[in-house]
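Engineer: The structure under discussion is supplied below as structure tokens; questions concerning it will follow.
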Amino acid sequence: MRSNGWAGRVRSPLPAWCRVVDLGGQVALVTGASAGIGRRLTEGLAVRGVTVAGVARGGERLTRAMAEVADVTGGRTLAVPADVTDRAAVEAAMARVQEECGPIDLLVNNAGLVDAAEVSLWEADPDQWWDVVESHVRGALLVSRAVVPTMVARSSGSIVNLASGSGLRARPEYSAYSVAKTGLMRITEALAGSLAGTGVRVFDLAPGVVETDMTRSMAMWRGKTDWTDPDLVVRWVVAIAEGQLDQWSGRFLHAAADNVDVLARVDGLNDDARRLRLCEWGPEDTFRR
Numbered sequence: 163m164r165s166n167g168w169a170g171r172v173r174s175p176l177p178a179w180c181r182v183v184d185l186g187g188q189v190a191l192v193t194g195a196s197a198g199i200g201r202r203l204t205e206g207l208a209v210r211g212v213t214v215a216g217v218a219r220g221g222e223r224l225t226r227a228m229a230e231v232a233d234v235t236g237g238r239t240l241a242v243p244a245d246v247t248d249r250a251a252v253e254a255a256m257a258r259v260q261e262e263c264g265p266i267d268l269l270v271n272n273a274g275l276v277d278a279a280e281v282s283l284w285e286a287d288p289d290q291w292w293d294v295v296e297s298h299v300r301g302a303l304l305v306s307r308a309v310v311p312t313m314v315a316r317s318s319g320s321i322v323n324l325a326s327g328s329g330l331r332a333r334p335e336y337s338a339y340s341v342a343k344t345g346l347m348r349i350t351e352a353l354a355g356s357l358a359g360t361g362v363r364v365f366d367l368a369p370g371v372v373e374t375d376m377t378r379s380m381a382m383w384r385g386k387t388d389w390t391d392p393d394l395v396v397r398w399v400v401a402i403a404e405g406q407l408d409q410w411s412g413r414f415l416h417a418a419a420d421n422v423d424v425l426a427r428v429d430g431l432n433d434d435a436r437r438l439r440l441c442e443w444g445p446e447d448t449f450r451r
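The opening position of the sequence shown corresponds to residue 163 in my numbering, with each subsequent residue numbered one higher.
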């Protein structure tokens with residue numbers, strides 16, 4: 163790896179899960195890129211010709227991961243260590259990515275923590291609880307605000323926020339994660355509304371339950387064997403990057419439950435489709451939005 167963080171080596175063969183679609187010329191930024199879903203996304207994008215900048219807190223682990231991706235795919239990667247909750251660090255990182263890679267076409271807000279223990283809200287450590295919320299919500303806020311202006315200026319760009327079913331329905335034992343993912347979904351809808359007509363689109367994408375260090379650490383998944391194939395998540399992000407799902411901007415997609423080809427053909431969505439809404443309790447409910 164060169165001292166500036168770039169990697170671009172070649173090794174074969176490519177992983178069997180890769181379905182190669184040429185996205186050459188695009189630049190992607192993936193947060194939480196050193197492991198898990200983020201690491202798999204960097205590889206899935208790089209093998210399709212995307213220049214991929216990876217962001218994560220641990221510089222050594224991130225640099226190693228981006229070098230491995232370059233080795234496997236022959237793609238161009240850039241390791242940019244930064245804490246997504248640190249405003250100055252994020253702004254410096256985004257400036258570096260855009261200077262060395264060019265304008266960002268695709269942003270994937272994937273970084274985020276999970277509750278340290280399966281306990282009720284009042285039993286949780288308040289500092290760790292808040293760290294979880296900040297990692298998802300403040301992280302997505304800071305990275306998005308640093309990237310969106312250039313996308314708007316170019317009238318083009320896609321943002322994918324890694325959502326979760328926990329954002330739709332609270333899990334008492336993972337209250338911080340549930341609050342964080344619900345907040346992230348509101349960021350998606352707010353962004354999509356403000357970006358209407360600009361050519362920039364924003365999506366919530368729930369990956370399903372992919373086997374990662376984080377999911378293996380969660381007691382609720384102990385003994386699980388039917389994990390979601392991470393290549394499904396790659397396929398959805400690629401479809402978004404290709405513009406197949408533009409009509410779903412501001413809405414919730416699920417990599418394991420939905421079908422890309424089906425959703426790509428959907429037209430005429432109503433305002434509430436796949437968005438967080440309060441349901442009426444019955445015909446006599448007097449509250450209306």
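For every residue, glycine included, the Cβ atom is placed at its ideal position computed from N, Cα and C.
As the structure is a computational prediction, the values presented were derived from the model and not from experiment.
Using the three-state DSSP reduction, which class does proline 177 fall into: helix, strand or coil?
Structural biologist: Because proline 177 sits at a pLDDT of 40, beneath the cut-off of 50, its placement in the model cannot be relied upon, and the following sentence gives the value as read from the coordinates. In the structure shown, proline 177 sits in coil (DSSP, three-state: anything other than H, G, I, E or B).
Engineer: Quick one: what's got a C-beta closer than 8 Å to alanine 401's C-beta in the same chain, skipping five residues either side?
Structural biologist: Leu407, Val422 and Ala426
Engineer: Can you give me the start and stop residues for the alpha helix (DSSP H) that glycine 345 sits inside?
Structural biologist: 337-356
Engineer: Please report the Cβ distance between valine 305 and threonine 204, rounded to the nearest whole angstrom; I am assuming they are in contact, meaning their Cβ atoms lie under 8 Å.
Structural biologist: With a contact defined as Cβ atoms closer than 8 Å, valine 305 and threonine 204 miss out at about 15 Å.
Engineer: How would you write the range of the beta strand (DSSP E) that alanine 218 sits in, first residue to last?
Structural biologist: For alanine 218, the enclosing beta strand (DSSP E) stretches over residues 213-218.
Engineer: Using DSSP's beta-bridge definition, name the partner residues of glycine 319.
Structural biologist: Val362
Engineer: Taking the alpha carbon of threonine 344 as the point to measure from, which residue in Phe449, Tyr336, Leu330 and Leu440 has its own alpha carbon closest?
Structural biologist: If we check each option's Cα against that of threonine 344, Leu330 comes out closest.
Engineer: Can you tell me which of Ala255, Leu440 and Leu207 puts its alpha carbon nearest to the alpha carbon of phenylalanine 232?
Structural biologist: Looking at the sequence shown, residue 232 is not phenylalanine but alanine. If you compare the alpha carbons of Ala255, Leu440 and Leu207 with that of alanine 232, the shortest gap goes to Leu207.
Engineer: Taking all protein chains shown into account, decide if glycine 216 is buried (16 or more other Cβ within 10 angstroms of its Cβ) or exposed.
Structural biologist: When all chains shown are included, glycine 216 counts as buried.
Engineer: Express the C-alpha separation of leucine 303 and arginine 173 in angstroms, rounding to a whole number.
Structural biologist: Its pLDDT being 38, under 50, arginine 173 is placed unreliably by the model, and the measurement read from it follows with that caveat. Whole-angstrom Cα-Cα distance: 37 Å.
Engineer: How close, in whole Å, do the beta carbons of valine 242 and valine 322 come, if the pair is a contact with beta carbons under 8 Å?
Structural biologist: So it is not a contact: roughly 18 Å between Cβ atoms.
Engineer: Use the C-beta contact count for arginine 210: other C-beta atoms within 10 angstroms, 16 or more gives buried, fewer gives exposed.
Structural biologist: Counting Cβ neighbours within 10 Å, arginine 210 comes out buried, since at least 16 surround it.
Engineer: Closest to arginine 333 by C-alpha separation, out of Glu280, Arg436 and Pro392, would be which residue?
Structural biologist: Glu280
Engineer: Short check: CB of arginine 363 to CB of glycine 301, under 9 Å?
Structural biologist: no
Engineer: Using 10 angstroms around the beta-carbon of leucine 150, count the other beta-carbons present and answer buried if the total reaches 16, otherwise exposed.
Structural biologist: No information on residue 150 is available, as it lies outside the stretch 163 to 451 that the chain covers here.
Engineer: Drop a sphere of 10 angstroms on the beta-carbon of phenylalanine 449, count the other beta-carbons inside from all chains shown, and report buried for 16 or more, exposed for fewer.
Structural biologist: exposed
Engineer: Can you check whether the CB of leucine 367 is closer than 9 Å to the CB of leucine 431?
Structural biologist: no
Engineer: May I ask you to verify whether the stretch 220-234 touches the stretch 255-262, counting CB pairs closer than 8 Å and requiring at least 3?
Structural biologist: no
Engineer: How is glycine 444 classed by DSSP in three states: helix, strand or coil?
Structural biologist: coil
Engineer: Buried or exposed: which applies to alanine 358, given that a residue is buried once 16 or more other Cβ atoms fall within 10 Å of its Cβ?
Structural biologist: So alanine 358 counts as exposed.
Engineer: Roughly how many angstroms separate the alpha carbons of leucine 415 and methionine 256, rounded to a whole number?
Structural biologist: 27 Å
Engineer: Which residue wins for smallest C-alpha separation from leucine 438, given the options Leu240, Asp267, Val310 and Ser326?
Structural biologist: Ser326
Engineer: May I ask which residues mark the beginning and end of the beta strand (DSSP E) holding leucine 269?
Structural biologist: Residues 268-271.
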